[in-house]
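Chemist: So that we are looking at the same thing, I have put the structure below in structure tokens.
Right, dumping it as structure tokens:
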């Protein structure tokens, strides 16, 4: 799947499911941690023009390891 298609899928799911209380992108504290990192000029000095995905690794899950989170 192309990056643009995946971005649109994520946005579409976020809009569709937010009414049900489901957050497909992350939790508020995850976003806050990223903002704190980006606000630290020393820590984030080489981050320029990037799309930063905060999803807990869910984009890495494949059919063969889809139950990884269920085992915890």
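Numbering (the numbering used here), first residue to last: 153 to 224. Beta carbons are placed, not taken as given, at the ideal position from N, Cα and C, and that holds for glycine. Source: prediction; values computed, not measured.
1) If you draw a straight line from the alpha carbon of residue 192 to that of residue 198, how long is it in whole angstroms?
2) What does the alpha-carbon distance come out to for the pair residue 158 and residue 187?
3) Helix, strand or coil: how does DSSP classify residue 193 here?
4) Between residue 206 and residue 183, how many whole angstroms is the CB-CB distance? I'm expecting something under 8 Å.
5) So what does DSSP say about residue 164, is it helix, strand or coil?
Modeler: Let me lay it out:
1) Position 40 of the chain shown holds residue 192. Position 46 of the chain shown holds residue 198. Taking the straight line from one Cα to the other gives about 11 Å.
2) The residue given as residue 158 occupies position 6 in the chain shown. The residue given as residue 187 occupies position 35 in the chain shown. Cα atoms of residue 158 and residue 187: separation of roughly 23 Å, rounded to the nearest angstrom.
3) What you label residue 193 is simply residue 41 of the chain shown in a count that begins at 1. Secondary structure of residue 193 (DSSP, three-state): coil.
4) For the purposes of this step, residue 206 is identified with residue 54 of the chain shown, where counting begins at 1. For the purposes of this step, residue 183 is identified with residue 31 of the chain shown, where counting begins at 1. Confirmed, about 6 Å.
5) Sequence index remark: in the chain shown, residue 164 carries index 12 (1-based). Assigned with DSSP and collapsed to three states, residue 164 falls in helix.
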